[in-house]
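Heads up, the thing below is written out as structure tokens.
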Amino acid sequence: MPTRWTRVRIVLCGLVLLGIAALVGRRALQLQVREAVQLREWAESNYLREVEIAPRRGRILDRRGAELASTADLESVFCNPRQLAPDAVPRLARAVHLDPSELDKTLSTRKSQYFAWVKRRVSPEESAAALALGLPGVSVRKEPRRVYPNGELASTVIGHAGLDGHGLEGVELAYDEALRGSGMEVTGMHDRLGRDLLMEGTVDASASAGKDLVLTLDKYLTYVTERTLAEAVRKHNAKAATSVMIDPRTGEILAMASVPGYNPNAPSDAAERGARNRAITDAYEPGSIMKTVTFSAAFDAGKLRPEDRFDCLMGQMQVGKYHIRDDHPKGMLTAAEVFKYSSNIGTVKIARRIGKETLARMIDRLGFGRPTGVGLPGERRGTVRPVAHWGEIELATHAFGQGLTVTPLQMATAYATIASGGVYHPPRLAVRFVTVDGRSEPVPRPADARPEARVLSESTARTMLTIMQGVTEDGTAKLAAIPGYPVAGKTGTAQKVSNGRYDPSKYLAAFVGIVPADNPRVVIAVMVDEPHGVHYGGVVAAPVFKEIAEATLRYLGVPPSTSVAASAARPASKSHAKIERARRDEADTNEVEGLGVDEPVASVGEAQDEDEPEVAASEDEDGPTTDGQPAAECKFDAAIPDFVGMTLGQAVRAARRAGVELVPEGSGIAATQTPAPGPGAHGAPCRVSFRRGG
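Residues in the sequence shown are numbered consecutively from 0, following numbering that gives the first Met the number 0.
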């Protein structure tokens with residue numbers, strides 16, 4: 000029989016085992032019930048990873064569907080720093096063209112981690128070179144990258160997006176939320192080395208993709224505008240230039256360009272180059288282009304007729320302690336002549352007739368001093384002093400464009416109001432979104448956009464278009480005249496302000512034109528900032544307008560308003576002939592370099608004449624001259640070659656040899672032409688359609 004001590008030991012052991020069981024049960028209860036959720040999360044954090052699937056950013060398209068911005072899948076190189084030996088870092092760095100010391104420094108700070116980017120969005124060659132090393136822990140992953148297929152084209156308007164897919168400038172920033180999409184997160188498993196093993200479920204990236212955005216911009220018209228501005232900046236050694244083209248019937252912006260621009264695919268030097276959308280970010284004193292507003296206010300108030308006469312005091316007038324001068328001293332002029340010769344004194348007398356309240360009201364109704372509501376970030380409102388603070392000199396200076404500032408877009412919109420018969424159409428850049436499934440959604444109007452409204456009577460608009468034509472016929476902008484098309488417009492030469500004073504060495508040369516004046520299709524505002532040498536609007540900006548407008552009218556197929564044959568006899572200046580030859584030489588390739596846009600080539604005549612001061616050029620009995628040399632005549636009546644089967648470059652050279660004006664459409668191989676080969680119609684261009692693959 001067990002002794003008493005044996006029984007005691009059995010009981011003690013039982014109690015100990017019972018206590019241990021209680022402790023184990025208590026711990027099990029704690030782990031399995033009370034702390035189960037937290038422990039599960041800790042465990043999952045070791046083998047599960049929330050992987051963010053970056054949405055595919057929507058494209059930005061021009062009005063005809065051409066891509067201005069798109070998204071491409073590029074490979075990015077990553078590694079597991081724990082697996083990468085130190086001696087492998089230099090080889091990996093050289094493969095992806097990185098500084099070995101910088102890469103080593105980056106990976107050293109991530110030694111305790113399982114994942115680190117080596118280089119993101121690499122070229123196919125770099126990706127292949129990294130994988131060819133066969134290093135453990137090094138792999139690649141596809142990532143979406145924003146791509147701008149046209150390089151600098153429309154860069155200051157489109158802007159750019161960062162590596163994370165967020166818009167940083169321009170349209171990319173303004174419509175970032177819709178373009179970027181919603182993004183997705185999926186759960187994936189990885190092993191102890193951080194390598195992905197599997198993803199849960201099927202990833203449908205299209206479900207989170209951003210919307211495409213269709214703009215009113217036209218890719219070709221933007222190209223023509225930028226190219227012409229760049230040539231003007233080079234020719235006049237100017238600081239910058241900007242232009243806006245608007246369809247006055249709708250307010251749609253067909254082109255908005257600023258020089259200098261930048262490459263949004265490599266935007267790091269944009270600020271250094273001074274690249275920005277100057278059409279909305281820069282506000283200038285407009286100078287004489289503001290006289291259009293003064294005259295519009297007077298005509299609309301019923302206090303002015305074109306035949307009313309004003310004494311312009313031979314170019315000298317005193318307002319208080321200030322002296323107002325005209326570059327062309329004149330005596331008695333009609334109101335139409337005051338506008339044509341850009342008389343400050345005559346304009347001041349007209350402003351006095353209507354009073355400051357009427358002028359200020361017209362300035363406000365045309366949208367000055369407030370944003371246009373175009374929907375782009377960084378738009379300035381310009382400055383207009385409250386009318387209550389206007390004295391006699393403020394009335395005078397506002398009448399001829401000093402003492403207030405406007406943006407080029409504001410000025411183009413004001414002229415578009417006249418061109419549309421007096422109806423203000425708010426400028427529009429973004430038209431609609433297109434979803435992944437093809438549905439179209441209109442872009443909401445920005446909250447600060449003004450509604451469409453009648454600002455001028457139809458009779459006032461017609462009167463203004465009539466007197467504005469005099470500027471290009473025998474006024475200050477003869478260089479803006481286009482054979483076969485009536486042009487209405489106004490020049491401006493504004494002295495810029497530096498340190499609170501007008502700087503005699505800094506000017507803004509401007510011209511705003513409407514064409515055709517009898518049935519307006521486009522309004523084009525051109526401003527050249529700080530040209531050197533000759534700086535007058537009629538000499539610097541008017542020819543830029545002319546070149547852009549001629550290409551636009553051809554491209555849009557706008558027929559001539561008057562006899563082309565009579566205009567064709569006008570001579571072309573030698574200086575313009577040189578520019579034209581250079582432009583044709585540039586078009587000898589099948590497509591315009593870097594754009595993939597077929598470039599129309601045409602012969603354009605230009606007569607050199609004077610702007611406000613009589614310093615621009617001279618005339619002699621043989622007709623207009625430049626630098627004292629007779630201008631050369633253009634050829635219009637040559638036989639038309641057979642272009643069918645030619646590339647664009649071949650067709651350009653054949654047209655040049657034959658002296659025929661060529662207007663190409665499309666790209667690839669010439670398929671059809673109008674008119675057919677043979678004797679050419681006098682002055683008629685030859686339209687040739689090109690198709691991919693013939």
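Where a beta carbon is used, it is the ideal one built from N, C-alpha and C, also for glycine.
These figures come from a predicted structure and were not determined experimentally.
When you compare only the Cα positions, how much space is there between Pro247 and Phe77?
53 angstroms
Determine the DSSP secondary structure at Gln37, reduced to helix, strand or coil. helix
Margin query: Going by beta-carbon coordinates alone, are Ala398 and Leu358 separated by less than 8 angstroms?
Written below: yes
Point to revise | Same chain, Cβ closer than 7 angstroms to Arg690, neighbours up to 5 away in sequence not counted | key: Gly665, Gly667, Ile668 and Ala670
- Message: For Gly234, tell me which candidate among Ala650, Leu647 and Asp528 has the shortest Cα-Cα distance.
- Response: Per the sequence shown, residue 234 should be read as Lys rather than Gly. That would be Asp528, whose Cα lies nearest to the Cα of Lys234.
- Item | Inside the region 272-300 only - alpha helix (DSSP H) runs reaching at least 4 residues | 277-280 and 290-299
Fill in: Any beta strand (DSSP E) of 3 or more consecutive residues that is wholly inside the region 105-145
115-121
- Item | Own chain residues within Cβ distance below 7 angstroms of Arg272, not counting five before or after | Pro259 and Tyr261
For the putative contact between Ala418 and Val522, defined by C-beta atoms under 8 angstroms, what is the C-beta separation to the nearest angstrom?
5 angstroms
* In angstroms, rounded to a whole number, what distance separates the CA positions of Leu60 and Thr155? -> 15 angstroms
request  = Go through its chain and collect everything with a Cβ distance to Leu300's Cβ below 8 angstroms, but skip five positions before and after it.
outcome  = Before going further, note that residue 300 is Ala rather than Leu in the sequence given. Counting only Cβ-Cβ distances below 8 angstroms, and skipping sequence neighbours, we find Ile353 and Thr357.
If I'm right that Ala524 touches Ala411 with Cβ under 8 angstroms, what's the distance once you round it to whole angstroms?
4 angstroms
If you measure between the beta carbons of Ala94 and Ala129, is that distance less than 8 angstroms?
yes
Considering only the alpha carbon of each residue, which of Arg120, Glu101, Leu91 and Leu83 lies closest to Tyr113?
Leu83
### Query
Any idea what DSSP makes of Gln649, helix, strand or coil?
helix
Segment contact flag, the region 478-494 with the region 371-383, C-beta cutoff 8 angstroms, min 3 pairs: no
DSSP state of Arg690 mapped onto helix, strand, coil: strand
Element boundaries [beta strand (DSSP E), containing Ile523]: Val521 to Asp528
| said: Tell me which residue opens and which closes the beta strand (DSSP E) that Met432 is part of. | reply: Going by the sequence as given, residue 432 is Phe instead of Met. Note, Phe432: beta strand (DSSP E), Ala429 to Val433.
Item to complete: Tell me, please, which residues DSSP counts as bridged to Tyr321.
Response: Val318
(Q) Which of the three DSSP states is assigned to Gly24 in this structure? (A) helix
Arg6 to Leu14 span [Cα, whole Å] = 12 angstroms
_Neighbour-count burial assignment, Asp700, 16 or more Cβ in a 10 Å radius_ = Not covered by the structure: residue 700. The range shown for the chain is 0 to 693.
* Asked: So what's Phe77 in DSSP terms, helix, strand or just coil?
  -> strand
**Request:** Provide the residue span of the alpha helix (DSSP H) that contains Leu552, from first to last.
**Result:** Gly536 to Leu555
Report task. Please report the Cβ distance between Ile252 and Pro426, rounded to the nearest whole angstrom; I am assuming they are in contact, meaning their Cβ atoms lie under 8 angstroms. Result -> 6 angstroms
- [ ] Report the option in Arg444, Asp307, Lys218 and Ala160 whose CA atom is closest to the CA atom of Ala265.
- [x] Ala160
Exposed or buried, which one is Ser126 when buried takes at least 16 other CB atoms within 10 Å?
buried
Problem - C-beta contact flag for Glu306 and Thr333 at 8 angstroms - result: yes
task: State the Cα-Cα distance for the pair Val10 and Gln29, rounded to the nearest angstrom.
output: 28 angstroms
- Query: Can you give the Cα-Cα distance for Glu613 and Ala654, rounded to whole angstroms?
  - Reply: Residue confidence for Glu613 is low, a pLDDT of 30 falling below 50, so the modelled location carries little weight; the figure read from the coordinates is stated next. Approximately 38 angstroms, taken between the alpha carbons.
Q) In the structure shown, what three-state DSSP assignment does Phe367 receive? A) coil
Can you look up Val659 in the DSSP assignment and give me helix, strand or coil? coil
### Identity of the residue in Tyr321, Thr396 and Ala278 nearest Thr293 by Cα
Thr396
Q: Less than 8 angstroms between the CB atoms is what I'm expecting for Thr416 and Leu365, so what's the real figure, rounded?
A: 6 angstroms
Within 8 angstroms, do at least three Cβ pairs link the region 96-104 to the region 139-158?
no
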